[in-house]
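*Asks:*
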Amino acid sequence: MEQDKPSPPITEKSLFYWVFKDNLKLQLILLVIIVLIVFARVVPLEMQKRIINDSIALRNIDGLFLYGAIYIIAITTASGLKLAINYLQAVIGERAMTAMRKELYHHILSLSLGFFRTTQPGMVVSSLMTELSTAGTFAGMAFAVPLTNILTLLAFTGYLLWLNPKLAGATLLIYPFVVFIIPILQKRANKANKQRVDLSRTTSSQIAESISGINEIQVHGAYSQEGRKFDNLAEKLKKIRIRWSLFRFGIKTANNYFVGLGPFVVFIFGGYLVMHGELALGAMVAFLSAQEKLFDPWKELIEFYQTYQDASVRYTRTMSYFDSVPEFSLERVETFDRSLTGQLEVNNLSYDTTDGHRLLNGISFSLAAGEHLAVVGYSGGGKSTLIKSIGKMFNYTAGSIQFNGRELSTLPKNVIIQNIGFVSQHPFIFTGSIEENLLYAYRAATEAAVAPPTEEMKIDLDRMILVLQQVGLFVDVMRFGLDSFITPDEESTIEKIIRIRHRFRKRFGDKLADYVEFYNQDDYHVNSSVAENILFGTSINNEFGYHLLPDNAHFRSFLQSVDLLKPLSSLGIELASQAVDILAGVGTVDLFFKNSPVPADRLEECETILIRLKKQSFSSLSPQNQSFILSLALNFTPSIHTMSRLPMELKESILSARKVFPQWCQSIAPDLFTFYCETSYIHGQSILNNIFFGRIKPGRPQAQEIINQSIMHLLVEEDYLEKIAAFGMHFQVGTMGDRLSGGQRQKLAIARVLIKQPKIILMDEATSALDNKSQARIQRLMTTRWKGKRTVIAAVHRLDIIGTFDKVAVMKAGKLVEFGTYQKLIEQKGILHELIYGRR
Ligand SMILES: Nc1ncnc2c1ncn2[C@@H]1O[C@H](COP(=O)(O)OP(=O)(O)OP(=O)(O)O)[C@@H](O)[C@H]1O
Ligand SMILES: [Mg+2]
292 MEQDKPSPPI TEKSLFYWVF KDNLKLQLIL LVIIVLIVFA RVVPLEMQKR
342 IINDSIALRN IDGLFLYGAI YIIAITTASG LKLAINYLQA VIGERAMTAM
392 RKELYHHILS LSLGFFRTTQ PGMVVSSLMT ELSTAGTFAG MAFAVPLTNI
442 LTLLAFTGYL LWLNPKLAGA TLLIYPFVVF IIPILQKRAN KANKQRVDLS
492 RTTSSQIAES ISGINEIQVH GAYSQEGRKF DNLAEKLKKI RIRWSLFRFG
542 IKTANNYFVG LGPFVVFIFG GYLVMHGELA LGAMVAFLSA QEKLFDPWKE
592 LIEFYQTYQD ASVRYTRTMS YFDSVPEFSL ERVETFDRSL TGQLEVNNLS
642 YDTTDGHRLL NGISFSLAAG EHLAVVGYSG GGKSTLIKSI GKMFNYTAGS
692 IQFNGRELST LPKNVIIQNI GFVSQHPFIF TGSIEENLLY AYRAATEAAV
742 APPTEEMKID LDRMILVLQQ VGLFVDVMRF GLDSFITPDE ESTIEKIIRI
792 RHRFRKRFGD KLADYVEFYN QDDYHVNSSV AENILFGTSI NNEFGYHLLP
842 DNAHFRSFLQ SVDLLKPLSS LGIELASQAV DILAGVGTVD LFFKNSPVPA
892 DRLEECETIL IRLKKQSFSS LSPQNQSFIL SLALNFTPSI HTMSRLPMEL
942 KESILSARKV FPQWCQSIAP DLFTFYCETS YIHGQSILNN IFFGRIKPGR
992 PQAQEIINQS IMHLLVEEDY LEKIAAFGMH FQVGTMGDRL SGGQRQKLAI
1042 ARVLIKQPKI ILMDEATSAL DNKSQARIQR LMTTRWKGKR TVIAAVHRLD
1092 IIGTFDKVAV MKAGKLVEFG TYQKLIEQKG ILHELIYGRR
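Numbering-wise, our numbering comes out as the position in the sequence shown, counting from 1, plus 291.
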């Protein structure tokens, strides 16, 4: 029998594992470069001495140039090598960190559901993204930095000893003090750092929780409650970080202090030697400058030590937090295993939580392949727990669950994934397209086996559409498709849609005449505003958005050039004064303003402007006032603003302006607009609008429905339904499926399970968010298509739908209290009877 034993987790690996994992070659290259750089760093020191002693003192010009040349080559090489070292360090660091992150993340995903009851998303984010980054930096440094600096130190120390052993010995005496004191301080810094890591994790999880619950916070107005929780944590974090920083800087200060004592020792001890004639003054000065060279490598070494400590604390703290063994092995199975037929035997099944609560207690029942079981009972009775156990979401503690005689606990998780479809009580929809979500479970199931999917398992657009129809999501997907936009490079699609547009007008033009005003180049459109009638197109540039037109200088100059500015201003004034005449004094009752070109909140402004116009001309009004009046005229839509009329001669002028507008546009910026022309596609508008190519008349609530139906009808005739559905599949569902309704999300969750054609379907309140019609559709699907073919176990609250199930299981307090056919249980007048008809 297959064993389902997971391998040991990566959390047990030491920090140094990552330093060398896959990086051995790079580390060796680094080693070679380091040896070279140490050499390149010592050479200038010797050259410096030779230039002074041998060349300058002996007036040896050739020597000066030779040593000078070697000097410059050495420091140039050293700089180049330093760059190479930094680069390699960065590469190794990033590789190590990425490997760490990836492996830890994969590990976390496979941890038991019990683990996630106490671990929140924020904790995982902070651990993976923040805490591990220092470990990565360390991995890059781990080999190179100590090695470079220790070698450099050794080289310089050797050089000092060679210069003057006595003086060198005296200065080096300082270092043991430093080596003693720093670890003491570091220990305290580490303690603070550990607390900081834990607290950061808690704070991150607090932030993540609040943001995920932002709906609840805003709806209850619980801003300060949530704010306080965060403030507390932030304050604590501040204190710990300050303490941590204090120790870190303490280490730096102590180090600088002791190392700073070096020259002091040289002055005192060297001075003493000079006075006693044991050392030349020049030699002491040379020693002083050579001794200073020790500072840099030493400082780097101490910084490295600190980074190591920091990384080690963060790493072990993070890894130990996730150090838990996954419940199941996720090893891929060799071939596609679809052998489970759905024959199920549950025997004396019990499940205890880790803290000792018994959630399922001695449950036994059996189902034949293809039978349907409804699990009912009081809330908290254990229905979800039972279904999750059967779906191998966690390991049951006692008893057995057997599919075709094979014990569930020994069946690899990946076999279960290939055979069982699970729709959970609160399905989660992922950010991405409908299609990605639809194929989510299918992809996982096919990836669960090493072998490619069998012919029977392959899916295409037809199959996806079929499933969407089965769950009742197809109409929604079509709507998403019709509402989508296409890019100008999809030429064949554009051509086809324009053809469909013509067919649509021919087929449905008369039928829809009452509801729709179709676009026509030569007509004035009473359902569109004056501005829309002039432009007769849409702009891809925001500057030419309709609401900005009154302020757009280009557009005003166009109106001027076609002699429209003045008549439109007069129209604006006329509209304002009519509105004031009719509506002044009615307050802000919406009903009265429904047909007014002036919105209620701007009526007062109209009055003021009209008073001004009695004394001054329109052109002497303020620019804001002029724009406002112009905007009234440009927004004026005769069919909506029935309070006023559009003068006949103005209509004519607008139509002639429309004719010249495209040419004028050409001179401003070509391609700024797409004009409504029967033979061209309107970019920036949906496919639906492009097919329909017109305006719905106001006050026709059922118009949209009729148009949609007609378009669907036509798409079927044109054999273009699938193409539009394919566009709809690309609809982005938003964060966690936020752009879908609750019912749509549930339908998608059912569809993504059906698409992998599982023999066993587990549903936990899978239809609770559906309306009656959609519920009935799923019900019909179950009885007509699945009976005898797929085993279904469904937890259901709505007891009116359980009559169609072969068996009913009644759960109460973790026990199976009744099991049998619906008929039998009702006749028996037990708990199911009580659940349905109430207590007698
Ligand atoms: N991890 C857990 N630790 C302790 N108790 C738990 C845990 N998970 C669930 N429970 C408890 O187990 C019981 C059964 O829960 P379950 O979700 O199975 O009920 P249910 O029958 O599906 O209820 P509902 O109809 O409300 O969905 C409940 O009392 C719940 O409090
Ligand atoms: Mg439940």
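Think of the CB as a built atom: it goes at the ideal place given N, C-alpha and C, for glycine as much as any other residue. Computed from a predicted model, the values in this text were never measured in an experiment.
What number of angstroms, rounded off, separates the C-alpha of P1049 from the C-alpha of M755?
*Replies:* Their Cα atoms are separated by approximately 15 Å.
*Asks:* Determine the DSSP secondary structure at N652, reduced to helix, strand or coil.
*Replies:* Looking at N652 - three-state DSSP - the assignment turns out to be strand.
*Asks:* Entirely within the region 548 to 636 and at least 4 residues each: give me those alpha helix (DSSP H) ranges in chain order.
*Replies:* Within the region 548 to 636, the complete alpha helix (DSSP H) runs of at least 4 residues are 562 to 566, 572 to 583, 586 to 612.
*Asks:* I need the boundaries of the beta strand (DSSP E) containing E1109, first residue and last residue.
*Replies:* Segment 1106 to 1111, the beta strand (DSSP E) holding E1109.
*Asks:* Please confirm whether L925 and P841 have their CB atoms less than 9 Å apart.
*Replies:* Yes, Cβ-Cβ distance for L925 and P841 is below 9 Å.
*Asks:* At a cut-off of 8 Å, would you count K674 as near ligand 2, judging by its Cβ distance to the nearest heavy atom?
*Replies:* Checking every heavy atom of ligand 2 against the Cβ of K674, one is found closer than 8 Å.
*Asks:* Which runs of the beta strand (DSSP E), 3 residues or longer, sit entirely within the region 1014 to 1092?
*Replies:* Fully enclosed beta strand (DSSP E) runs of 3 or longer: 1051 to 1055, 1082 to 1086.
*Asks:* Tell me the rounded alpha-carbon separation between R350 and F549.
*Replies:* Rounded to the nearest angstrom, the two C-alpha atoms are 41 Å apart.
*Asks:* Quick check on DSSP: helix, strand or coil for S236?
*Replies:* The structure shown does not extend to residue 236, since the chain is modelled only from 292 through 1131, so no value can be given for it.
*Asks:* Would you check if there are 3 or more beta carbon pairs closer than 8 Å linking the region 661 to 677 to the region 1104 to 1114?
*Replies:* Segments in contact, yes.
*Asks:* Please report the residue range of the alpha helix (DSSP H) in which K797 lies.
*Replies:* From DSSP, the alpha helix (DSSP H) with K797 extends over 782 to 799.
*Asks:* My parser needs the alpha helix (DSSP H) runs of 4 or more residues fully inside the region 440 to 521; what are they?
*Replies:* Runs found: 456 to 463, 465 to 503, 505 to 511.
*Asks:* Classify F538 as helix, strand or coil using the three-state DSSP reduction.
*Replies:* In the structure shown, F538 sits in a helix (DSSP, three-state: H, G or I).
*Asks:* I need the boundaries of the beta strand (DSSP E) containing Q693, first residue and last residue.
*Replies:* Looking at the DSSP string, the run of the beta strand (DSSP E) that includes Q693 is 689 to 694.
*Asks:* Count the C-beta pairs between the region 322 to 334 and the region 440 to 451 that are closer than 8 Å, then say yes if the count reaches three, no if not.
*Replies:* As far as the Cβ criterion goes, the region 322 to 334 touches the region 440 to 451, which means the pair count is three or higher.
*Asks:* Could you tell me which whole alpha helix (DSSP H) segments of length 4 or greater appear in the region 946 to 1006?
*Replies:* Within the region 946 to 1006, the complete alpha helix (DSSP H) runs of at least 4 residues are 978 to 983.
*Asks:* If I follow the unbroken beta strand (DSSP E) through A1100, where does it start and stop?
*Replies:* That run of the beta strand (DSSP E) goes 1098 to 1103.
*Asks:* Is the beta carbon of D1055 within less than 8 Å of some heavy atom of ligand 2?
*Replies:* Checking the Cβ of D1055 against ligand 2 gives yes.
*Asks:* In angstroms, rounded to a whole number, what distance separates the CA positions of Q1023 and N728?
*Replies:* Distance between the alpha carbons of Q1023 and N728 is about 10 Å.
*Asks:* Below 8 Å on the Cβ atoms is my contact criterion, and I expect P888 with L912 to pass it. Report the Cβ-Cβ distance as a whole number of Å.
*Replies:* Not a contact, Cβ separation roughly 18 Å.
*Asks:* Please classify A426: does DSSP put it in a helix, a strand, or coil?
*Replies:* Looking at A426 - three-state DSSP - the assignment turns out to be helix.
*Asks:* Got a sec: does ligand 1 put a non-hydrogen atom nearer than 8 Å to the Cβ of L677?
*Replies:* Under cutoff, so the answer is yes.
*Asks:* Going by the C-beta, is A1086 closer than 8 Å to any heavy atom of ligand 3?
*Replies:* Ligand 3 is not part of the structure shown, which contains ligand 1 and ligand 2 as its ligands.
*Asks:* Count the other C-beta atoms from every protein chain shown that fall within 10 angstroms of the C-beta of K529, then say buried if there are 16 or more, exposed otherwise.
*Replies:* So K529 counts as exposed.
*Asks:* Which first and last residues belong to the beta strand (DSSP E) in which S830 is found?
*Replies:* Where S830 is concerned, the enclosing beta strand (DSSP E) stretches over 828 to 830.
*Asks:* Between T1058 and ligand 1, is the CB less than 8 Å from at least one heavy atom?
*Replies:* Answer for T1058: no, Cβ out of range of ligand 1.
*Asks:* Quick one: does the C-beta of Q716 sit closer than 8 Å to a heavy atom of ligand 2?
*Replies:* Yes, the Cβ of Q716 comes within 8 Å of a heavy atom of ligand 2.
*Asks:* Can you round the beta-carbon distance between L355 and I342 to whole angstroms, since I take them to be within the 8 Å contact cut?
*Replies:* Yes, they are in contact, since the Cβ atoms of L355 and I342 sit about 6 Å apart, within 8 Å.
*Asks:* Consult DSSP for E293 and reduce its assignment to one of helix, strand or coil.
*Replies:* Because E293 carries a pLDDT of 44, less than 50, the predicted location of this residue cannot be relied on, and the following value inherits that uncertainty. Three-state result, E293: coil.
*Asks:* Per DSSP, V714 is paired with what?
*Replies:* Beta-bridge pairing links V714 to M1054.
*Asks:* Measure the beta-carbon distance from G690 to I711 and round it to whole angstroms, keeping in mind my assumption that it falls under 8 Å.
*Replies:* That pair is no contact at about 19 Å.
*Asks:* Tell me, to the nearest whole angstrom, how far the beta carbon of V415 is from that of I399; I am working on the premise that it is less than 8 Å.
*Replies:* Their Cβ separation, rounded to whole angstroms, is 6 Å, which keeps V415 and I399 in contact under 8 Å.
*Asks:* Closer than 8 Å: is that where the CB of L650 sits relative to any heavy atom of ligand 1?
*Replies:* Checking the Cβ of L650 against ligand 1 gives yes.
*Asks:* Give the DSSP bridge partners of R697, in chain order.
*Replies:* Answer is F694, bridged to R697.
*Asks:* Would you check whether ligand 1 has a heavy atom nearer than 8 Å to the C-beta of Y687?
*Replies:* Checking every heavy atom of ligand 1 against the Cβ of Y687, none is found closer than 8 Å.
*Asks:* According to the Cβ coordinates, are F613 and L395 closer than 9 Å?
*Replies:* Yes; because the gap between Cβ atoms is below 9 Å, this pair is in contact.
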